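Going by my numbering, the first residue of the sequence shown is number 2, and it counts up by one from there.
Single-structure report; data block below.
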Amino acid sequence: MKIIFLDIDGVLNCNKSTSQINGMLGIDDDKVKRLKEIVDKTGAKIVLVSTWKEDWIADPTKKYEQNEIGDYLDRKMKRQGLRILDKTENRYNGIYMSRGEGILHYLDTHKVSKFVILDDCQFDYDGCNLTLNYVKTSMNNGLTPRHVDLAIQILNG
2 MKIIFLDIDG
12 VLNCNKSTSQ
22 INGMLGIDDD
32 KVKRLKEIVD
42 KTGAKIVLVS
52 TWKEDWIADP
62 TKKYEQNEIG
72 DYLDRKMKRQ
82 GLRILDKTEN
92 RYNGIYMSRG
102 EGILHYLDTH
112 KVSKFVILDD
122 CQFDYDGCNL
132 TLNYVKTSMN
142 NGLTPRHVDL
152 AIQILNG
């Protein structure tokens, strides 16, 4: 299985974004369309690494517990025919994991053949040896066509 580890802020929105949800930056449809291009050309599934994951519930039988931000995220994805498969964990055996460690834990506990990380912040990706699979976006522009091409190359390469 191919996985896109997805951040939201700085990837699906940027400083120029005009949409909002609960007083914070919303998600740009054009950037979700670019994410869909990656999914369509690679068959990859989406796993959230973003802080938005705190508002999103993976279990379809518990979606009624999800708040407005999680519902908004699902709606934005669904409009482009996308769905989020899962999210990384913040803790394992009671111990806090960094973003990179959360990705490594996901890779250790799931059958992932190839993956890419779409994020505007580097976090601890160097220390976790994840930089070869990292596509750095920016809060200035979010997900661009160049990032799409790089992600497809990583997933299909």
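For glycine and all other residues, C-beta sits at the position ideal for the given N, C-alpha and C.
Computed from a predicted model, the values in this text were never measured in an experiment.
Residue i versus residue j: straight-line alpha-carbon distance, rounded
i    : j    : result
D125 : K54  : 18 Å
K34  : K77  : 10 Å
K115 : G71  : 27 Å
I85  : T145 : 20 Å
E102 : D31  : 30 Å
H148 : L49  : 18 Å
N142 : D121 : 10 Å
T62  : D41  : 27 Å
S51  : M25  : 14 Å
Buried or exposed (CB count within 10 angstroms, at least 16 for buried), residue i
i    : result
C15  : buried
Y73  : buried
N88  : Per the sequence shown, the amino acid found at residue 88 is Lys instead of Asn. With 16 or more Cβ atoms within 10 Å of its Cβ, K88 is classed as buried.
L119 : buried
Y135 : buried
From the options, residue whose alpha carbon lies closest to that of residue i
i    : options             : result
K17  : D29, S99, G24, D109 : D29
I104 : Q81, I47, G143      : I47
M2   : G11, M140, G27, G44 : G44
G158 : T138, M140, L133    : L133
N91  : G82, D8, L83, H106  : H106
Sheet register partners of residue i (DSSP bridge)
i    : result
D83  : This sequence places Leu at residue 83; Asp is not what is there. BP columns for L83 are empty, so no partner.
N14  : D10
R92  : Y97
Y135 : I118
Residue-level contact to chain C via CB, residue i, 7 Å cutoff
i    : result
D150 : Note that chain C does not occur in the displayed structure, where there is just one protein chain.
Closer than 6 Å: residue i CB and nearest the ligand NAP heavy atom
i    : result
G143 : Although the ligand NAP was asked about, the structure shown includes no ligands whatsoever.
Pair every Cβ in the segment 56-70 with every Cβ in the segment 101-114, then say whether three or more of these pairs are closer than 8 Å. no
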